[in-house]
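Asker: Protein sequence lines, in the order shown, are assigned to chains A and B. Its first residue numbered 5, the first sequence is counted upward by one per residue in my numbering. Its first residue numbered 130, the second sequence is counted upward by one per residue in my numbering.
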Amino acid sequence: MSKKRKIVSLTIFFAIVALLIIGIVLTNGKAANEETIKEVMRDAVLHENNKINLFGVIEVNPGLISAFIVSGALIIFALIVRIFVIPKFTLVPGKFQYGLEKTVGLFSSISEENSPHKSYFIGGYIFVAGIYIFISTLFELLGLQAITTTGSHVILPAPLSDINGAIAMGVLSYGVILFGGLINAGPKGMLNALKDFSLPISMSFRLFGALLSGALVTELVYYYQLTSILLPIIVGILFTLLHAFIQAYVLITLVSIFYGESSERKPKKQKTKKRGKINE
Amino acid sequence: MPLNIDLQQVLLHMLNFTILFFALYFLLYKPIKKFNSKRADYFKEMEAKSGGMLEEANKIKDEYEAKMAKADEEIEKMKESAADEASKKSEKIITNAKQEANSIILQAKTRANKEKKAILSSANKEIRDLAEQAAEKIVMEGTLESYESFLDSVDIPESEENE
Numbered sequence: 005m006s007k008k009r010k011i012v013s014l015t016i017f018f019a020i021v022a023l024l025i026i027g028i029v030l031t032n033g034k035a036a037n038e039e040t041i042k043e044v045m046r047d048a049v050l051h052e053n054n055k056i057n058l059f060g061v062i063e064v065n066p067g068l069i070s071a072f073i074v075s076g077a078l079i080i081f082a083l084i085v086r087i088f089v090i091p092k093f094t095l096v097p098g099k100f101q102y103g104l105e106k107t108v109g110l111f112s113s114i115s116e117e118n119s120p121h122k123s124y125f126i127g128g129y130i131f132v133a134g135i136y137i138f139i140s141t142l143f144e145l146l147g148l149q150a151i152t153t154t155g156s157h158v159i160l161p162a163p164l165s166d167i168n169g170a171i172a173m174g175v176l177s178y179g180v181i182l183f184g185g186l187i188n189a190g191p192k193g194m195l196n197a198l199k200d201f202s203l204p205i206s207m208s209f210r211l212f213g214a215l216l217s218g219a220l221v222t223e224l225v226y227y228y229q230l231t232s233i234l235l236p237i238i239v240g241i242l243f244t245l246l247h248a249f250i251q252a253y254v255l256i257t258l259v260s261i262f263y264g265e266s267s268e269r270k271p272k273k274q275k276t277k278k279r280g281k282i283n284e
Numbered sequence: 130m131p132l133n134i135d136l137q138q139v140l141l142h143m144l145n146f147t148i149l150f151f152a153l154y155f156l157l158y159k160p161i162k163k164f165n166s167k168r169a170d171y172f173k174e175m176e177a178k179s180g181g182m183l184e185e186a187n188k189i190k191d192e193y194e195a196k197m198a199k200a201d202e203e204i205e206k207m208k209e210s211a212a213d214e215a216s217k218k219s220e221k222i223i224t225n226a227k228q229e230a231n232s233i234i235l236q237a238k239t240r241a242n243k244e245k246k247a248i249l250s251s252a253n254k255e256i257r258d259l260a261e262q263a264a265e266k267i268v269m270e271g272t273l274e275s276y277e278s279f280l281d282s283v284d285i286p287e288s289e290e291n292e
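Written as structure tokens, this is what we have:
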């Protein structure tokens, strides 16, 4: 038996033993949750019980803490890139530079496509919103834990699965559309955006619903021990990746389309002179 | 509030996103866009420059081709004129040679004629002298012997030469 084969055999043996031990531990009745599935689901939607103390000032939902962590990480990343990477940009890009340029170019092209007359600002907005939605949705995969005010542990969820976060995103996006219309096309543009008054509600609840459903499925899968062994690989990673991408794409597309509509200056209609009757 | 909506937390989320927006917009989006547009401008400039250079090169090529065509024409002309000149020169040389030959022949002929005339005149003179001498002798001696001796005297120069 060669050395390589010996190593492979030993690895397989230890893997099987480890899996069996995990199975034995997980099937032990003592590992059951203290909360019922009903309570877990209700809390995932409403965040009534599991609150986190923010700097000892106010009690907030875990989603807000997730939002702060994601934003902090993104800002630090942006700072590092701005200081150390962007000044060293070359005409022929490397892999990282190409990735950055491609990401910016993607959002820029979406904004130019949907809002051809005014696209620079909205390109920046959908760039930040898209990255925020995508990264913050993936954030729940990390499974970071925080201590609640009741002393129990809670896994930090995606910031937008918190209704407050989703409303903030929807209202801010609507504000951008509304004021974009006012600045670029005058009061007519603003009125055009005001016609779609249901937009902030639909955007907020679409985000909330999509991300909450993902969170609920994940909670459900993790609640039962048997389903929490292999299933999370599919549910946790693939579903999260998929709805992170879809929600980011849907929001940025909607915002850029509505922004394009509201900020478009429509040409004035030429008044046609009424023709008088010949025999008048 | 229904669904546990908390206005304060909504505002906190808004504040969080606003800060994030400004940070990412000014730290990433704007500089990268600026770099991209700078690069696009650079390549546009390069394209324009290369277009200009190509135009210039085409111009130079056209000029060169025109010059080459002109040079070919000139060479052809020069060849023609050289050939003309050469043929003219050769003709001249040939005519000169012919003239010289003719003059040489003419000179030779005149000299030959002159010599012929001189020989003929000297021969006539000799014959005349001999005839005179013979007549003198005949007249002086008036005999056959004298005639034979005359004949012998005619042969004398030959025997004298043989001796």
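Even glycine gets a Cβ: it sits at the ideal position worked out from N, Cα and C.
Quick one, are the C-beta atoms of T154 of chain A and N57 of chain A less than 8 angstroms apart?
Answerer: Looking up residue 154 of chain A in the first sequence gives position 150. Looking up residue 57 of chain A in the first sequence gives position 53. No, the Cβ-Cβ distance between T154 of chain A and N57 of chain A is not below 8 angstroms.
Asker: Given that K162 of chain B touches chain A, what residues does it touch there, using C-beta distances under 7 angstroms?
Answerer: If you number the second sequence from 1, residue 162 of chain B lands on position 33. Here the neighbours are V108, S112.
Asker: Could you check whether the Cβ of K178 of chain B sits closer than 7 angstroms to any heavy atom belonging to the ligand COA?
Answerer: For the structure depicted, the ligand COA is absent and the ligand set is empty, with no information on it obtainable.
Asker: Report yes or no: is there a C-beta of chain A within less than 8 angstroms of the C-beta of D170 of chain B?
Answerer: By 1-based counting over the second sequence, the position of residue 170 of chain B is 41. Residue-level contact check: D170 of chain B does not touch chain A, since none of the beta carbons of chain A fall below 8 angstroms from its beta carbon.
Asker: At which residues does the beta strand (DSSP E) containing E63 of chain A begin and terminate?
Answerer: Locating residue 63 of chain A in the first sequence gives position 59, counting from the first residue. Where E63 of chain A is concerned, the enclosing beta strand (DSSP E) stretches over 62-64.
Asker: Could you check whether the Cβ of S206 of chain A sits closer than 8 angstroms to any Cβ belonging to chain B?
Answerer: Counting from one through the first sequence, the residue named residue 206 of chain A turns up at place 202. Not one chain B Cβ lies under 8 angstroms of S206 of chain A.
Asker: Taking the beta carbon of A19 of chain A as the centre, do at least 16 other beta carbons fall within 10 Å, making it buried, or is it exposed?
Answerer: As a working note, residue 19 of chain A is residue 15 in the first sequence. Looking at its Cβ environment, which holds fewer than 16 other Cβ atoms inside 10 Å, A19 of chain A is exposed.
Asker: Could you tell me the distance, in whole angstroms, from the CA atom of H247 of chain A to the CA atom of N53 of chain A?
Answerer: For this step, residue 247 of chain A is matched to residue 243 along the first sequence. For this step, residue 53 of chain A is matched to residue 49 along the first sequence. Whole-angstrom Cα-Cα distance: 27 angstroms.
Asker: Does I167 of chain A get closer than 8 angstroms to chain B when you measure Cβ to Cβ?
Answerer: Your numbering for residue 167 of chain A matches position 163 in the first sequence. So, interface residue.
Asker: In whole angstroms, what separates the C-alpha of P236 of chain A from that of S112 of chain A?
Answerer: Taking the first sequence and counting its residues from 1, the one referred to as residue 236 of chain A is at position 232. Taking the first sequence and counting its residues from 1, the one referred to as residue 112 of chain A is at position 108. So the alpha carbons of these two residues sit roughly 35 angstroms apart.
Asker: Tell me the DSSP bridge mates of N133 of chain B?
Answerer: Looking up residue 133 of chain B in the second sequence gives position 4. According to DSSP, N133 of chain B bridges with nothing at all.
Asker: May I ask which residues mark the beginning and end of the alpha helix (DSSP H) holding Q289 of chain A?
Answerer: Residue 289 of chain A lies beyond the stretch modelled for chain A, which goes from 5 to 284, so this question has no answer here.
Asker: In the DSSP output, which residue or residues are listed as bridge partners for Q149 of chain A?
Answerer: By one-based count along the first sequence, residue 149 of chain A stands at place 145. According to DSSP, Q149 of chain A bridges with A:I159.
Asker: Rounded to whole angstroms, what is the Cα-Cα separation between A35 of chain A and L216 of chain A?
Answerer: Here residue 35 of chain A is taken as the residue at index 31 of the first sequence, counted from 1. Here residue 216 of chain A is taken as the residue at index 212 of the first sequence, counted from 1. Residue placement at A35 of chain A is flagged as unreliable, the pLDDT there being 46, under the threshold of 50; the coordinate-derived value follows with that caveat. One C-alpha to the other measures close to 26 angstroms.
Asker: Check the Cβ-Cβ distances between H51 of chain A and every residue of chain B, and say whether any is below 8 angstroms.
Answerer: Working through the first sequence from its first residue, we reach residue 51 of chain A at position 47. Yes - at least one Cβ of chain B is within 8 angstroms of the one on H51 of chain A.
Asker: Mind checking which residues open and close the alpha helix (DSSP H) that includes I56 of chain A?
Answerer: As a first step, residue 56 of chain A is located in the first sequence; it is residue number 52 there, counting from the start. Counting along the chain, I56 of chain A falls outside any alpha helix (DSSP H), though it belongs to the beta strand (DSSP E) covering 56-58.
Asker: Report, in whole angstroms, the separation of the C-beta atoms of L136 of chain B and A82 of chain A, which I expect to be a contact under 8 angstroms.
Answerer: Reading the second sequence from its first residue, position 7 is the one you call residue 136 of chain B. Reading the first sequence from its first residue, position 78 is the one you call residue 82 of chain A. Not a contact, Cβ separation roughly 29 angstroms.
Asker: Based on Cα-Cα distance, which residue from B:I233, B:Y193, B:Q228, B:Q138 lies nearest to F64 of chain A?
Answerer: Taking the first residue of the first sequence as position 1, residue 64 of chain A is located at position 60. Note on identity: in this sequence residue 64 of chain A is Val, with Phe being the wrong assignment. Answer by Cα proximity: B:Q138.
Asker: In this structure, how does DSSP classify V108 of chain A when only helix, strand and coil are distinguished?
Answerer: Within the first sequence, numbered from 1, the residue matching residue 108 of chain A stands at position 104. Of the three classes helix, strand and coil, the one that applies to V108 of chain A here is helix, per DSSP.
Asker: Would you say the stretch 61-80 of chain A touches the stretch 255-265 of chain A, given that touching needs at least three Cβ pairs under 8 angstroms?
Answerer: Put simply, the stretch 61-80 of chain A does not touch the stretch 255-265 of chain A. Fewer than three CB pairs are less than 8 angstroms apart.
Asker: Report yes or no: do the stretch 168-185 of chain A and the stretch 220-227 of chain A share at least 3 C-beta pairs separated by less than 8 angstroms?
Answerer: no
Asker: Taking a cut of 8 angstroms between CB atoms, which residues from the stretch 146-162 of chain B lie near chain A?
Answerer: F146, T147, I148, L149, F150, A152, L153, Y154, L156, L157, Y158, K159, P160, I161, K162
Asker: Go to S177 of chain A, then tell me how far its alpha helix (DSSP H) extends in each direction, as first and last residue.
Answerer: Working through the first sequence from its first residue, we reach residue 177 of chain A at position 173. Counting along the chain, the alpha helix (DSSP H) containing S177 of chain A begins and ends at 167-198.
Asker: In the DSSP assignment, the alpha helix (DSSP H) including T222 of chain A goes from what residue to what residue?
Answerer: Taking the first sequence and counting its residues from 1, one reaches residue 222 of chain A at position 218. It spans 203-227 - the alpha helix (DSSP H) in which T222 of chain A sits, taken as one unbroken run.
Asker: Just to confirm my understanding: we take P131 of chain B, look at its own chain, exclude 5 residues before and 5 after, and list those with CB closer than 8 angstroms. What are they?
Answerer: What you label residue 131 of chain B is simply residue 2 of the second sequence in a count that begins at 1. Cβ within range, chain order: n/a, list empty.
Asker: At a CB-CB cut-off below 8 angstroms, which residues of chain B make contact with F17 of chain A?
Answerer: On the first sequence, position 13 is the one that residue 17 of chain A refers to. Per Cβ cutoff of 8 angstroms: no residues; F17 of chain A is ~49 angstroms from chain B at best.
Asker: For H142 of chain B, which three-state DSSP category applies?
Answerer: As a working note, residue 142 of chain B is residue 13 in the second sequence. Note: H142 of chain B maps to helix in three-state DSSP.
Asker: Applying a beta-carbon distance threshold of less than 8 angstroms, which residues of chain A neighbour M143 of chain B?
Answerer: For the purposes of this step, residue 143 of chain B is taken as the residue at position 14 of the second sequence. Neighbours of M143 of chain B on chain A, chain order: A172, V175, L176.
Asker: By how many angstroms is the C-alpha of E194 of chain B removed from the C-alpha of L235 of chain B?
Answerer: For the purposes of this step, residue 235 of chain B is identified with residue 106 of the second sequence, where counting begins at 1. For the purposes of this step, residue 194 of chain B is identified with residue 65 of the second sequence, where counting begins at 1. Taking the straight line joining both Cα atoms gives about 60 angstroms.
Asker: State the DSSP-derived secondary structure class of G181 of chain B, mapped to helix, strand or coil.
Answerer: Walking along the second sequence from the start, residue 181 of chain B turns up at place 52. It is helical.
Asker: Decide if I233 of chain B is buried, meaning its Cβ has at least 16 other Cβ atoms within 10 Å, or exposed.
Answerer: Sequence index remark: in the second sequence, residue 233 of chain B carries index 104 (1-based). That one is exposed.
Asker: Starting from V132 of chain A, trace the alpha helix (DSSP H) both ways and give me its first and last residue.
Answerer: Residue mapping note: residue 132 of chain A aligns to position 128 of the first sequence, counting from 1. Taken as a continuous stretch (DSSP letters only), the alpha helix (DSSP H) holding V132 of chain A covers 124-143.
Asker: Is S6 of chain A helix, strand or coil when you go by DSSP?
Answerer: Numbered from 1 along the first sequence, position 2 holds the residue referred to as residue 6 of chain A. Three-state result, S6 of chain A: coil.
Asker: In the structure shown, what three-state DSSP assignment does S119 of chain A receive?
Answerer: Here the question's residue 119 of chain A lines up with position 115 in the first sequence. S119 of chain A falls in the coil class under three-state DSSP.
Asker: At a Cβ threshold of 8 angstroms, is E268 of chain A touching chain B?
Answerer: Reading the first sequence from its first residue, position 264 is the one you call residue 268 of chain A. Not one chain B Cβ lies under 8 angstroms of E268 of chain A.
Asker: Which residue wins for smallest C-alpha separation from L148 of chain A, given the options A:V158, A:S140, A:I139?
Answerer: Taking the first residue of the first sequence as 1, we reach residue 148 of chain A at position 144. Looking at the Cα atoms, A:V158 is the closest of the given residues.
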